[in-house]
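Enquirer: Taking the numbering used here, the leading residue of the sequence shown gets 293, the next gets one more, and so forth.
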Amino acid sequence: MEKRIYIIGAGFAGQTIADDIKRKKIFGKVNAFLDDDKALIGTTIDGIPVLGPISNVASVLGNSAADEAIIAIPSAPTERIREIYERLSKNGFSHIKILPGISQVIEGSAHLVQTREIDPLDILGRTPVAISLKESLNYLRGKRVLITGAGGSIGSELARQLLSGGAERLYLFGHGENSICAIYRELRLLQAEGVGEKATIVPIIGDMRDCKYVDYIVGKTKCNVIFHCAAYKHVPMMEENQVAAIENNVFGTKNLLDAALKHKVDRFVLISTDKAVAPVSVYGLSKMLCEKLVLDASKEADRSQAIMFVRFGNVLGSRGSILPMFQNQIKTGGPVTVTDKKMERFFMTIPEACSLVLQTGGVGKNGMSYLLDMGEPIKIIDLAEEIIKCSGLEPYKDIDIKIVGARKGERFTEPLWLAEEKPKATKYKKILELENLPYEHERLEKLLAALKPICFYNEEKAEDFRNKDKLLSLLCEDCKSLKEYYEEVQNDGELHTDLL
293 MEKRIYIIGA GFAGQTIADD IKRKKIFGKV NAFLDDDKAL IGTTIDGIPV
343 LGPISNVASV LGNSAADEAI IAIPSAPTER IREIYERLSK NGFSHIKILP
393 GISQVIEGSA HLVQTREIDP LDILGRTPVA ISLKESLNYL RGKRVLITGA
443 GGSIGSELAR QLLSGGAERL YLFGHGENSI CAIYRELRLL QAEGVGEKAT
493 IVPIIGDMRD CKYVDYIVGK TKCNVIFHCA AYKHVPMMEE NQVAAIENNV
543 FGTKNLLDAA LKHKVDRFVL ISTDKAVAPV SVYGLSKMLC EKLVLDASKE
593 ADRSQAIMFV RFGNVLGSRG SILPMFQNQI KTGGPVTVTD KKMERFFMTI
643 PEACSLVLQT GGVGKNGMSY LLDMGEPIKI IDLAEEIIKC SGLEPYKDID
693 IKIVGARKGE RFTEPLWLAE EKPKATKYKK ILELENLPYE HERLEKLLAA
743 LKPICFYNEE KAEDFRNKDK LLSLLCEDCK SLKEYYEEVQ NDGELHTDLL
């Protein structure tokens, strides 16, 4: 039996998806639009009836296992998407797709290839801010853009959104062959289906720790803009591999900055994290040092360059983060594991964070620090309960939640800024400006010189190579918050919850 498709939303996005389905013919037949607009209900659009209101008609549809619903309302708030999803799922629709978050920020485009199965990301958290990408990405038109860590969650979403920026070339730089291959193929497919504008997409496999190679790549590509997303970022993993965190994050960033200065890259945007604020983990400290490197390099930039960082908290759904972990735990019957009932984090969707990063890259000034407005923090246990409910299950009855305790380098709340940074609003919604804190060039150079033989083999200092104790000692000597944290851990022999 031919699959019957119901498109929720009879607006421009819904109509263009219907046209796409009709043209391809192999995906099924659009039986009807579902809409709440009284002016449209009872009419037909290109021969397709418009039924409604959504809440009334959903119950008489979805009677076949083959039926599919596509939610195509880019302007709908998260709460409305949740209502529609719950109504459809309760009334027999087992296949529900959605036009994802990127559709909220790219006007005039909607394609079947952009739709995907709905997941908790689409119905959790706040409604993302809508940004006109075509307007905010004007600064990239005709430019060459290099994305480091392009296979990661942030890097790959930046690449998707950059398809609509009119860039001449997109360079996808990464260390992992499989992840770079995946985003490269996805972008080529999106282009083939008419998404975005024409741009040459170039995959580059390499290691940013190799300073000669990084210098060669930045020079050879003649890139105008660098979005530096690449980093080792999982706190407990990096606490077990502290030297690797500094080697990759700090020295990799320095290599990129040195190359950007040498080859006169117009704009350099570092993606930073709330864990860089008064860090209590080596990963957090590595990102704090990256911020300092950016501000230090900006002092050497000429008038044509703008070197900056953008800091924000957690993003929902990034690889290895709690959302996919919770989903996997639910699939296996639980329990869902939460560190502590007090644990809370700031969250933002990946598409929203990336659209704000791209906007900041265009309006940001050299040597400035920026912070994304993350709204209010969310308790992790509340998030766990919501994800279980979104899976059609009941917390503590169908799926248990187990408290497992905080791990090394974690704290109950991650501050987004230091008091001295005094965040202030800009004229751009959800983009804040921070005051730069003093950090002497000589201090930074001295610390990096001491850390380098630990990360990279030097025959004259062979005893330092991979010396984790010496590395931690140097870092604690430089950073008061890290030192105090580790002193508490050593004194107690366990995590000190008052400090977390």
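Each residue gets a CB set at the ideal place from its N, CA and C atoms; glycine is no exception. Computed from a predicted structure; not experimentally measured.
1. Whole angstroms are fine: how far does the CA of Gln621 sit from the CA of Asp312?
2. Count the other CB atoms, across all protein chains shown, that sit within 10 Å of the CB of Val535; report buried if there are 16 or more and exposed otherwise.
3. Identify, in the order they occur along the chain, each residue of the same chain with its Cβ nearer than 6 angstroms to the Cβ of Gly457, setting aside the five sequence neighbours on each side.
4. What ranges does the beta strand (DSSP E) occupy inside the region 471 to 549, keeping only unbroken runs of at least 3 residues that lie completely in it?
5. Put Ile423 into one of helix, strand or coil per three-state DSSP.
6. If we ignore side chains and look at the alpha-carbon of each, how far apart do Arg603 and Leu708 end up?
7. Using C-beta distances below 7 angstroms, list every residue in its chain close to Gly576, excluding the 5 sequence neighbours before and after it, in chain order.
8. Are three or more beta carbon pairs between the region 583 to 596 and the region 613 to 627 nearer than 8 angstroms?
9. Might you give, ordered along the chain, the residues of its own chain that have their beta carbon closer than 6 angstroms to the beta carbon of Thr308, omitting 5 neighbours on each side?
10. Is it buried or exposed, Ala570, if we count other Cβ atoms within 10 angstroms and call 16 or more buried?
11. Please return the same chain residues whose Cβ sits closer than 6 angstroms to the Cβ of Gly434, not counting the five positions on each side in sequence.
12. Taking Thr419 and Thr370 to be in contact with their CB atoms under 8 angstroms, please state how far apart those CB atoms are, rounded to whole angstroms.
13. Going along the chain, which unbroken runs of the beta strand (DSSP E) with 3 or more residues stay wholly within the region 562 to 643?
14. Label Ile695 either buried or exposed according to how many other C-beta atoms from any shown protein chain fall within 10 Å of its C-beta, with 16 as the threshold for buried.
15. What is the rounded straight-line gap between the Cα of Val494 and the Cα of Asp502?
16. Does the beta-carbon of His520 have 16 or more other beta-carbons within 10 angstroms, so that it is buried, or is it exposed?
17. Does the beta-carbon of Ser765, which I'm using as the reference point, lie nearer than 6 angstroms to any heavy atom of the ligand COA?
18. What's the C-alpha gap between Met666 and Val561?
19. Answer with buried or exposed for Lys484, where buried requires no fewer than 16 other C-beta atoms within 10 angstroms of its C-beta.
20. In the DSSP assignment, find the unbroken beta strand (DSSP E) run with Leu380 in it and report its ends.
21. Report the three-state DSSP secondary structure of Gly458 (helix, strand or coil).
22. To the nearest angstrom, how far is it from the Cα of Gln396 to the Cα of Ala741?
23. Hey, which unbroken runs of the alpha helix (DSSP H) at 4 residues or more fall wholly within the region 644 to 690?
24. Where do the N-terminal and C-terminal ends of the beta strand (DSSP E) with Arg315 fall, by residue?
25. Is it true that the CB of Thr513 sits closer than 7 angstroms to the CB of Tyr463?
26. Measuring CA to CA, which of Ile670, Gly659, Glu686, Lys657 is closest to Ile614?
27. Let me make sure I understand the geometry here. Which of Leu608, Met635, Gly659 has the alpha-carbon closest to that of Pro643?
28. According to DSSP, simplified to helix, strand and coil, what is Asn323?
29. Closer than 6 angstroms by C-beta to Phe757: which residues in its own chain qualify, once you throw out the five before and the five after it? Chain order, please.
30. So what does Gly466 bridge to, in DSSP terms?
31. Identify, in the order they occur along the chain, each residue of the same chain with its Cβ nearer than 7 angstroms to the Cβ of Val349, setting aside the five sequence neighbours on each side.
32. Determine the DSSP secondary structure at Gln396, reduced to helix, strand or coil.
33. Assuming Ile673 contacts Ile693 under a Cβ cut-off of 8 angstroms, what Cβ separation, rounded to an integer in Å, is found between them?
34. Decide if Thr565 is buried, meaning its Cβ has at least 16 other Cβ atoms within 10 Å, or exposed.
35. If you follow the beta strand (DSSP E) that Ala361 is part of, which residue opens it and which one closes it?
Expert: Per the coordinate set shown:
1. As a first step, residue 312 must be located in the sequence shown, where it is residue number 20. As a first step, residue 621 must be located in the sequence shown, where it is residue number 329. Rounded to the nearest angstrom, the two C-alpha atoms are 37 angstroms apart.
2. Taking the first residue of the sequence shown as 1, we reach residue 535 at position 243. That one is buried.
3. To locate residue 457, count along the sequence shown from 1; it is residue 165. Cβ neighbours of Gly457 beyond the five flanking positions: Leu429, Leu432.
4. 492 to 497, 517 to 520
5. Taking the first residue of the sequence shown as 1, we reach residue 423 at position 131. Of the three classes helix, strand and coil, the one that applies to Ile423 here is coil, per DSSP.
6. The residue labelled residue 603 in the question sits at position 311 within the sequence shown. The residue labelled residue 708 in the question sits at position 416 within the sequence shown. Spanning the two alpha carbons is a distance of roughly 8 angstroms.
7. The sequence position of residue 576 within the sequence shown is 284, counting from 1. Here the set comprises Lys567, Ala568.
8. Judged by Cβ distances under 8 angstroms, the region 583 to 596 makes no contact with the region 613 to 627, as fewer than three pairs qualify.
9. One-based indexing of the sequence shown puts residue 308 at position 16. Once the five neighbours on either side are set aside, the close Cβ partners of Thr308 are Ala402.
10. Within the sequence shown, residue 570 is the residue found at index 278, counting from 1. When all chains shown are included, Ala570 counts as buried.
11. Position 142 of the sequence shown, counted from the start, is the residue given in the question as residue 434. Counting only Cβ-Cβ distances below 6 angstroms, and skipping sequence neighbours, we find Glu460.
12. Mapped onto the sequence shown, residue 419 falls at position 127. Mapped onto the sequence shown, residue 370 falls at position 78. Contact flag correct, Cβ pair sits at about 5 angstroms.
13. 598 to 604, 606 to 608, 628 to 630, 639 to 641
14. One-based indexing of the sequence shown puts residue 695 at position 403. Exposed.
15. The residue you call residue 494 lines up with position 202 of the sequence shown. The residue you call residue 502 lines up with position 210 of the sequence shown. Those two C-alpha atoms are separated by around 20 angstroms.
16. Here the question's residue 520 lines up with position 228 in the sequence shown. Buried, because 16 or more other Cβ atoms sit within 10 Å of the Cβ of His520.
17. Of the ligands one can find in the structure shown there are none, so the ligand COA has no counterpart to examine.
18. As a working mapping, residue 666 is identified with position 374 in the sequence shown. As a working mapping, residue 561 is identified with position 269 in the sequence shown. Cα to Cα, Met666 sits roughly 19 angstroms from Val561.
19. Your numbering for residue 484 matches position 192 in the sequence shown. Sequence inspection shows Ala at residue 484; the Lys mentioned does not correspond to that position. Answer is exposed; the Cβ neighbour count stays below 16.
20. Here residue 380 refers to the residue found at position 88 when the sequence shown is read from its first residue. Counting along the chain, Leu380 falls outside any beta strand (DSSP E), though it belongs to the alpha helix (DSSP H) covering 370 to 382.
21. Here residue 458 is taken as the residue at index 166 of the sequence shown, counted from 1. If DSSP states are grouped into helix, strand and coil, Gly458 belongs with coil.
22. Counting from 1 along the sequence shown, the entry for residue 396 is found at position 104. Counting from 1 along the sequence shown, the entry for residue 741 is found at position 449. Caution applies to Gln396, whose pLDDT of 48 falls short of 50 and renders its modelled position unreliable; the value that the coordinates give is listed next. If I take the Cα positions, the gap works out to 46 angstroms.
23. 672 to 682
24. Numbered from its first residue, the sequence shown carries residue 315 at position 23. Looking at the DSSP string, Arg315 is not in any beta strand (DSSP E); the run it does join, the alpha helix (DSSP H), is 304 to 316.
25. By one-based count along the sequence shown, residue 463 stands at place 171. By one-based count along the sequence shown, residue 513 stands at place 221. A contact, by the Cβ cut-off of 7 angstroms.
26. Mapped onto the sequence shown, residue 614 falls at position 322. Ranking the options by Cα distance to Ile614, first place goes to Ile670.
27. As a working note, residue 643 is residue 351 in the sequence shown. For the residues Leu608, Met635, Gly659, the minimum Cα distance to Pro643 belongs to Leu608.
28. Here the question's residue 323 lines up with position 31 in the sequence shown. In this structure, Asn323 counts as strand in the three-state DSSP scheme.
29. Position 465 of the sequence shown, counted from the start, is the residue given in the question as residue 757. For Phe757, the CB contacts under 6 angstroms within the same chain, skipping 5 residues up- and downstream, are Tyr749 in chain order.
30. As a working mapping, residue 466 is identified with position 174 in the sequence shown. DSSP links Gly466 through a beta bridge to Ile497.
31. Mapped onto the sequence shown, residue 349 falls at position 57. Only Leu326, Leu343 meet the Cβ criterion.
32. Within the sequence shown, residue 396 is the residue found at index 104, counting from 1. Its pLDDT being 48, under 50, Gln396 is placed unreliably by the model, and nothing is read from it.
33. Looking up residue 673 in the sequence shown gives position 381. Looking up residue 693 in the sequence shown gives position 401. Yes, Ile673 and Ile693 are in contact; Cβ-Cβ is about 7 angstroms, under 8 angstroms.
34. Counting from one through the sequence shown, the residue named residue 565 turns up at place 273. Under this definition Thr565 is a buried residue.
35. Counting from 1 along the sequence shown, the entry for residue 361 is found at position 69. Element bounds for Ala361: 360 to 363.
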